[in-house]
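Quick note on numbering: the sequence shown equals residues 1 to 273 in the UniProt record's numbering. What follows is a set of notes on a single structure, which appears directly below.
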Amino acid sequence: MSDHQNLLAEQRRSLILDEVRRRGGVRVNELTRRLNVSDMTIRRDLDALARQGVVEKVHGGAVPLAEASTHEPGFEAKSSRETGAKEEIARAAAQMVAPGAAIALSGGTTTFALARHLVEVPDLTVVTNSVRVADVFYAAQQPGARGATVVLTGGVRTPSDSLVGPVTDQAIRTLHFDVLFLGVHGISVQAGLSTPNLAEAETNRHLVRAARRVVVVADHTKWGTVGLSSFASLDSVDALVTDPGVRAEARAEMAEHLPEVVVAGEPQEPAEG
1 MSDHQNLLAE
11 QRRSLILDEV
21 RRRGGVRVNE
31 LTRRLNVSDM
41 TIRRDLDALA
51 RQGVVEKVHG
61 GAVPLAEAST
71 HEPGFEAKSS
81 RETGAKEEIA
91 RAAAQMVAPG
101 AAIALSGGTT
111 TFALARHLVE
121 VPDLTVVTNS
131 VRVADVFYAA
141 QQPGARGATV
151 VLTGGVRTPS
161 DSLVGPVTDQ
171 AIRTLHFDVL
181 FLGVHGISVQ
191 AGLSTPNLAE
201 AETNRHLVRA
211 ARRVVVVADH
221 TKWGTVGLSS
231 FASLDSVDAL
241 VTDPGVRAEA
251 RAEMAEHLPE
261 VVVAGEPQEP
271 AEG
């Protein structure tokens with residue numbers, strides 16, 4: 001299958017998932033008519049979404065898979081979700097980073113994608129509690145090159161390969177950085193930023209406090225999702241970078257409650273002043 005066909009499949013599955021969440025379920029025959037593809041194609045799409053753990057197949061269609069607010073998928077499981085959207089977000093967020101900046105990247109698969117776009121930016125100082133993010137920068141180091149200085153916190157490893165806990169929090173308390181790029185489990189008007197992991201919530205609170213500017217990187221499926229523990233309100237967020245899959249009503253909420261929203265791949269409004 002070509003890259004073009006893969007992209008179409010990913011876009012189609014994103015549309016299917018949106019329909020499942022919006023309507024509480026979908027039927028195969030409705031999707032074949034709406035998307036103008038075969039019954040077999042839709043069934044393969046539902047199989048793929050079921051493997052990602054985001055829908056449950058039922059006779060004739062699919063329904064949302066309800067996740068407990070304490071459920072935390074592993075890194076590999078999260079990596080398979082919304083991969084195209086994460087790449088778009090990473091490319092847009094990378095444009096916000098200037099050479100020589102001191103930045104922080106939290107754990108998560110979107111910040112991992114962002115790290116891969118930042119390895120060519122010279123003289124960065126990168127603070128992270130993500131083993132995966134640190135590995136990206138270490139693997140890219142070239143002898144004599146002006147690569148990043150990476151500060152990897154200690155701590156206890158979570159299922160998503162983040163380091164959390166008192167050791168992590170103490171390390172972050174002593175640091176200050178220009179921009180924090182923050183991946184989240186969920187973001188909503190009522191709950192703010194949230195995660196299913198209590199220790200990670202506390203670590204994220206310290207990351208937010210240590211940053212002059214907080215940029216949340218989150219694909220459209222994160223809007224309206226709520227994890228067990230809230231760690232910051234939307235007032236703490238300076239910018240959100242998301243993808244074009246975000247719905248019109250969600251865009252309106254974002255514009256109302258956030259000072260800056262960047263939709264990756266879409267022209268941005270020029271800054272005032």
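Ideal Cβ placement from N, Cα and C applies to all residues, glycine included.
{"query": "G61 (DSSP reduced to helix, strand or coil)", "result": "strand"}
{"query": "Enclosing alpha helix (DSSP H) for L114 [first to last residue]", "result": "109–118"}
{"query": "Cβ-Cβ distance between D243 and I89 below 8 angstroms", "result": "yes"}
{"query": "One or two residues paired with I187 in a DSSP bridge", "result": "L193, W223"}
{"query": "Stretch pair the region 189–204 + the region 117–127: three plus CB contacts closer than 8 angstroms", "result": "no"}
{"query": "Backbone CA spacing between D39 and W223 [nearest angstrom]", "result": "30 angstroms"}
{"query": "Nearest-angstrom Cβ-Cβ length linking V208 and L240, presumed shorter than 8 angstroms", "result": "Actually they do not touch by this definition, with Cβ atoms about 14 angstroms apart."}
{"query": "Nonlocal neighbours in the same chain, by C-beta distance under 8 angstroms from S188, ignoring five residues either side", "result": "S194, W223, G224, T225, V226"}
{"query": "Closest residue to S230 among A211, A191, R23 (Cα-Cα distance)", "result": "A191"}
{"query": "A94 versus A104 - alpha carbon distance", "result": "13 angstroms"}
{"query": "Separation of S14 from residue 281, as counted between CA atoms", "result": "This structure cannot settle anything about residue 281, because the visible part of the chain is limited to 1 through 273."}
{"query": "Collapsed DSSP secondary structure at L240 in the structure displayed", "result": "strand"}
{"query": "Same chain only: Cβ atoms within 8 angstroms of E266, ignoring 5 sequence neighbours per side", "result": "P244"}
{"query": "V26 beta carbon less than 8 angstroms from that of G61", "result": "yes"}
{"query": "Bounding residues of the alpha helix (DSSP H) (the contiguous stretch that carries V28)", "result": "28–35"}
{"query": "Whole-angstrom C-beta distance between G108 and D165, which should lie under 8 angstroms", "result": "According to the sequence shown, residue 165 is Gly rather than Asp. Actually they do not touch by this definition, with Cβ atoms about 17 angstroms apart."}
{"query": "Opening and closing residue of the beta strand (DSSP E) in which L49 lies", "result": "Looking at the DSSP string, L49 is not in any beta strand (DSSP E); the run it does join, the alpha helix (DSSP H), is 39–51."}
{"query": "R205, DSSP secondary structure in three states", "result": "helix"}
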